[in-house]
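Those protein sequence lines, which keep their order, are chains A and B.
The number in the working numbering is simply the position in the first sequence, starting from 1, with 14 added.
The number in the working numbering is simply the position in the second sequence, starting from 1, with 1 added.
Here's the structure, in structure tokens; my notes come after.
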Amino acid sequence: DAGVIQSPRHEVTEMGQEVTLRCKPISGHDYLFWYRQTMMRGLELLIYFNNNVPIDDSGMPEDRFSAKMPNASFSTLKIQPSEPRDSAVYFCASSQRDGRNYGYTFGSGTRLTVV
Amino acid sequence: DQQVKQNSPSLSVQEGRISILNCDYTNSMFDYFLWYKKYPAEGPTFLISISSIKDKNEDGRFTVFLNKSAKHLSLHIVPSQPGDSAVYFCAASGRTGGFKTIFGAGTRLFVKA
């Protein structure tokens with residue numbers, strides 16, 4: 015298995031533009047998580063899905079952020095409009111069951127820079 | 002509100018010696034604790050976990066100890082190797098949190114050859 019695949023690896027965009035981050039989880043994993051890493055807040059959970067259904071989006075910072083999982087092999091995180099404070103590394107992770115015992119498998123992340 | 006705290010931003014250890022990384026938590030409802038390792042430009046990698054019904058779990062050179070009364074856990078790496086140099090994240094999860102995993106801020110470990 016190629017692991018969790020995220021694209022793009024790097025994204026530089028201007029303030030006000032729409033940004034879409036993509037994730038392909040590991041086949042057979044029924045949980046998918048979106049995390050954001052910043053110097054100030056560390057790794058924070060944005061949203062997670064179970065069997066393609068959003069379970070908890072309480073970590074999504076504001077309405078500018080939205081996430082979808084149209085099928086078991088694909089998820090997107092969209093920011094519209096983007097702002098400089100959204101600059102961070104965004105990680106997608108997946109797991110079988112809830113991953114609390116055997117952990118999550120993380121992708122390599124998307125480094126987003128909003129100028 | 003930091004529910005999982007790693008108070009040491011960095012730690013430097015000589016190759017072959019023991020590395021001890023510490024973590025404190027505040028939520029007594031956490032029932033699983035995990036450690037992840039992260040290299041630059043990569044995502045975190047799961048290392049080892051422990052259930053709250055245990056006080057020790059071992060996997061090769063890595064051992065995690067849990068002290069529930071003190072709400073404290075530690076990761077021991079013996080012997081430390083230069084390839085262990087990375088950022089280590091402590092994480093915790095509990096049923097009442099909807100199985101969300103909360104991460105600490107991380108500790109950067111330097112293993113000197």
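Virtual Cβ for every residue (Gly too), placed ideally from N, Cα, C.
Discussion item. Counting beta carbon pairs with one atom in the stretch 76-85 of chain B and one in the stretch 20-33 of chain A, are three or more of them shorter than 8 Å?
Written reply: no
Discussion item. Here's the rule: buried if 16 or more other CB atoms are within 10 angstroms of the residue's CB, otherwise exposed. What is A/Met-53?
Written reply: A/Met-53 should be labelled exposed.
Item to complete: Under 7 Å Cβ to Cβ from B/Tyr-40, same chain only, skipping five residues before and after it: list those, please.
Response: Ala-87
Item to complete: Could you have a look at B/Gly-17 and say whether DSSP puts it in helix, strand or coil?
Response: coil
Worksheet entry | Beta carbon proximity, B/Glu-43 to chain A, threshold 8 Å | yes
Worksheet entry | Distance between beta carbons of B/Leu-110 and B/Ser-20, contact taken as under 8 Å | Rounded, the Cβ-Cβ distance is 6 Å, consistent with contact.
Discussion item. Bridge partners for B/Val-65 per DSSP, in chain order?
Written reply: B/Asn-58 and B/Leu-76, per the DSSP bridge assignment.
Discussion item. Does any residue of chain A have a CB that is nearer than 8 Å to the CB of B/Phe-104?
Written reply: Yes, B/Phe-104 lies at the interface with chain A (some Cβ there is under 8 Å from its Cβ).
Worksheet entry | Spatial neighbours of A/Phe-79 in its chain, beta-carbon cut-off 6 Å, leaving aside the 5 residues before and after | Ile-93
Worksheet item: Considering only residues of the same chain and omitting the five flanking positions on each side of A/Leu-91, which have a CB-CB separation below 6 Å?
Response: The residues are Leu-35, Trp-48 and Ala-81.
Worksheet item: CB-CB under 7 Å to B/Ser-52, same chain, minus the five flanking residues each way: which ones, in chain order?
Response: Asp-32 and Tyr-33
Worksheet item: Would a check of beta-carbon distances place A/Phe-79 closer than 8 Å to chain B?
Response: no
Worksheet item: Would B/Lys-101 count as contacting chain D if we go by Cβ distances under 8 Å?
Response: The chain labelled as chain D is not found among the protein chains of the depicted structure, namely A and B.
Fill in: Backbone secondary structure at A/Gly-56 - three-state DSSP
strand
Worksheet item: Do you know whose CA, among B/Leu-67, B/Leu-74 and B/Ser-94, lies nearest B/Asn-8's CA?
Response: B/Leu-74
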